[in-house]
Amino acid sequence: MLIRLSISGFALIDSLDFEPGEGLNVISGETGAGKSLLIDAIGALIGNRIGKESVRTGNERATVEGVFDRVSSVVSTGELNEFGISSDEDDLLYVSREIHIAGRNVVRINGTLVPLFVLKSIGPKLLDIHGQHEQQAIFQVSKHIELLDRYAGEKMSMAVSEYSKILDKYKECLDEIKRLGTDPQARERRADLLRYQIAELEEAELTLGEEEALFEKKRNAVGISKARAYIADLCDIFLSDDPNAPIPRMKEAEGFLSQLSLVRPTCLPMTERLRNVMLELESLAQDVDLLNRDMEGTEDSLPNIEKRLDTLYRFKSKYGSGVEDMILYLNQAKDELLELESSDGRLKDLHSNRIMLEKELLGKAMKVREIRSEAASDLSEEIVRELTELGMPGAVFGVSISERPKNRFFSRYGCDEVAFVFTANRGEPEKPLEKIASGGEASRIMLAIKTILAQADDTPSLVFDEIDSGVSGKTSSAVASRMKKLARYKQVLCVSHMAQIAAAADRSYFISKEVREERTQTVLTRLDTEGKKREVARLLSGEADAESMNLSEHLISKQDKA
Numbered sequence: 043m044l045i046r047l048s049i050s051g052f053a054l055i056d057s058l059d060f061e062p063g064e065g066l067n068v069i070s071g072e073t074g075a076g077k078s079l080l081i082d083a084i085g086a087l088i089g090n091r092i093g094k095e096s097v098r099t100g101n102e103r104a105t106v107e108g109v110f111d112r113v114s115s116v117v118s119t120g121e122l123n124e125f126g127i128s129s130d131e132d133d134l135l136y137v138s139r140e141i142h143i144a145g146r147n148v149v150r151i152n153g154t155l156v157p158l159f160v161l162k163s164i165g166p167k168l169l170d171i172h173g174q175h176e177q178q179a180i181f182q183v184s185k186h187i188e189l190l191d192r193y194a195g196e197k198m199s200m201a202v203s204e205y206s207k208i209l210d211k212y213k214e215c216l217d218e219i220k221r222l223g224t225d226p227q228a229r230e231r232r233a234d235l236l237r238y239q240i241a242e243l244e245e246a247e248l249t250l251g252e253e254e255a256l257f258e259k260k261r262n263a264v265g266i267s268k269a270r271a272y273i274a275d276l277c278d279i280f281l282s283d284d285p286n287a288p289i290p291r292m293k294e295a296e297g298f299l300s301q302l303s304l305v306r307p308t309c310l311p312m313t314e315r316l317r318n319v320m321l322e323l324e325s326l327a328q329d330v331d332l333l334n335r336d337m338e339g340t341e342d343s344l345p346n347i348e349k350r351l352d353t354l355y356r357f358k359s360k361y362g363s364g365v366e367d368m369i370l371y372l373n374q375a376k377d378e379l380l381e382l383e384s385s386d387g388r389l390k391d392l393h394s395n396r397i398m399l400e401k402e403l404l405g406k407a408m409k410v411r412e413i414r415s416e417a418a419s420d421l422s423e424e425i426v427r428e429l430t431e432l433g434m435p436g437a438v439f440g441v442s443i444s445e446r447p448k449n450r451f452f453s454r455y456g457c458d459e460v461a462f463v464f465t466a467n468r469g470e471p472e473k474p475l476e477k478i479a480s481g482g483e484a485s486r487i488m489l490a491i492k493t494i495l496a497q498a499d500d501t502p503s504l505v506f507d508e509i510d511s512g513v514s515g516k517t518s519s520a521v522a523s524r525m526k527k528l529a530r531y532k533q534v535l536c537v538s539h540m541a542q543i544a545a546a547a548d549r550s551y552f553i554s555k556e557v558r559e560e561r562t563q564t565v566l567t568r569l570d571t572e573g574k575k576r577e578v579a580r581l582l583s584g585e586a587d588a589e590s591m592n593l594s595e596h597l598i599s600k601q602d603k604a
């Protein structure tokens, strides 16, 4: 349910904080004070359209923030994760929406930036706002079958569960028939392709971990290739017979120094030093020769490695992103080929099984329809009784159950289509519920249905915008009574001008306009016990005089005992 609402820069609202509680929260106030703005702001939290004209003059943006608790009962962690939203350990959901003057919307859920469509998907599960006609689950035909089945209870749940088990088997059978196909030539073409692919993959002799091993071998082979090139260069320097190579030239230099030492004995140490250098060079030459002999036995495998890697790269575009996927594809191809080669007999068995499953499925669907029809009759009677109490004695409410089209006969709910229909005047044709034009009628139908289906509908918070429209006298007390009853199961937020509803409130709020710093602002005030009594008195007679205060106290006491 909604536990905190913060609004800033939103039309006449400069800054407003609202902390509704459990039960019935009633917001009243003078006409034009901004009650509809509060409803619009709440609507922003569930993805309703909010235009840039809602931004307060002088502000760059309007901001609406809400906190909901116990959200796991209506929005699963999996659903949040699907949109990249982290769940809160305290089972809270934080929703923030900014409406910029340029028209841009910025939405965050639990701190994660999300597109507006995500809020439109999650939001209606948290709140149901009456007054935003198209957003209400109760007025969406696609939801009627779910609501009826919930009303039908455990008996319906068991029947649908049994039906669903057969439906799963039926779908598996159809999928396999589709996979095998009904065209013999198409199956043979598929079999030929599979045979080619199997032969190609088997010839490749793939092994797990092969690609990683090849990359390692390639790194080593590249290193060996470079080493051989360096050793070849060293051999050219140290082992060459070329007279201009270093060692022959050094020997020539040694001869010159020896002759020089005979003429000038002081050069004799130079001769010794050169001989030592010669010995070191000859030792290096021997080592280079040994390295060269060792490398002669090393096979240059780099071309073979690259050829194998190229084969794997080509296979990736055909059979999977890695060797493991390729091996999996090979096994699946073998299974499919085996299935195709025996498909004629298999198809015959599948079609026989399909016919048997269709009969069984139809039987289960008829059982579901039987329970659904009984529930529809009971629900219609209950709602008509509620509508009579709510001042609509001639109203007729019905549940239309029709057969689904043949091309999509079996659904997860059975083979029925369900729609709620209504007329305010007995004898007139009933119309689909979503086409009801009268606001007062829609309000009371909503209240009647919500009261009966309070425990069947998962939405934890209901928002009613002036449900007392077109209601007076005895009906007012009946509306208040139903609101009180509904608030036992749900959090109810209600904007009302009706004293009976205000008297029934568990929490009372007064919305008004004030001028602060030369600007008009909408202000929301939580009323204490005395404030509630005064507001009920004002709603009764227009002012809180002694007589209206006594009536107010009596009315509140009566509602407290209800």
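Mapping of the sequence shown onto the working numbering: residues 43 to 604, in sequence order. Ideal Cβ positions, reconstructed from N, Cα and C, are used throughout, including at glycine.
Item	Value
C215 - containing alpha helix (DSSP H), residue span	E196 to L222
C-beta atoms of V116 and A86 nearer than 8 Å	no
C-beta atoms of T493 and L535 nearer than 8 Å	no
Alpha-carbon to alpha-carbon, G108 and V160	16 Å
Alpha carbon of A274 to alpha carbon of E245, nearest angstrom	39 Å
Opening and closing residue of the alpha helix (DSSP H) in which Y355 lies	L344 to Y361
Reduced DSSP secondary structure (H/G/I, E/B, other) of H539	coil
Status (buried if at least 16 other CB within 10 Å, exposed otherwise) for V426	buried
Separation of A255 from N346, as counted between CA atoms	13 Å
First through last residue of the beta strand (DSSP E) which encompasses K555	R549 to R558
Beta strand (DSSP E) segment containing G573, residue limits	Careful: G573 lies outside any beta strand (DSSP E), inside the alpha helix (DSSP H) at T571 to S583.
Element boundaries [alpha helix (DSSP H), containing L403]	S385 to E431
Residues that DSSP places opposite R229 in a beta bridge	Its beta-bridge partners do not exist; DSSP assigns none.
Sub-8 Å separation of K401 and E204 beta-carbons	no
Reduced DSSP category for V521 - H, G, I as helix; E, B as strand; rest coil	helix
Residue ranges of each beta strand (DSSP E) within the region 123–191, 3 or longer	134–142, 147–151, 154–156 and 169–172
Residues bridged to N67 (per DSSP)	L535 and R549
G89 versus K162, A466, F52 and L58, residue with shortest Cα-Cα distance	K162
Bridge partners - A461, DSSP secondary structure assignment	S442
Selection from K409, I141, D234 and E324 that minimises the alpha carbon distance to G456	K409
Residue range of the beta strand (DSSP E) that includes E107	R103 to D111
Own chain partners of V565 with C-beta closer than 6 Å, once the 5 adjacent residues on each side are dropped	S554 and E556
Pairwise C-alpha distance: P307 and P288	26 Å
Extent of the continuous alpha helix (DSSP H) run through D602	A588 to K603
Inside the region 292–330 only - alpha helix (DSSP H) runs reaching at least 4 residues	none
Presumed contact (8 Å Cβ cut-off) between R231 and L222, rounded CB distance	Rounded, the Cβ-Cβ distance is 13 Å, inconsistent with contact.
Exposure of M198, with buried meaning 16 or more beta-carbon neighbours within 10 Å	buried
D59 - partner residues in DSSP beta bridges	S48
Beta bridge counterpart(s) of S78 as assigned by DSSP	The partner list for S78 (beta bridge, DSSP) is empty, contrary to what the question assumes.
Cβ-Cβ distance between E577 and L569 below 8 Å	yes
P34 in three-state terms, based on DSSP	Nothing can be reported for residue 34: it is not among the residues displayed for the chain, which extend from 43 to 604.
Three-state class that DSSP yields for V505 in the structure shown	strand
Three-state secondary structure assigned by DSSP to L236	helix
Where V565 falls: helix, strand or coil (DSSP)	strand
Buried or exposed by the 16-neighbour rule on C-beta atoms within 10 Å, applied to I397	exposed
DSSP beta-bridge partners of K473	F464
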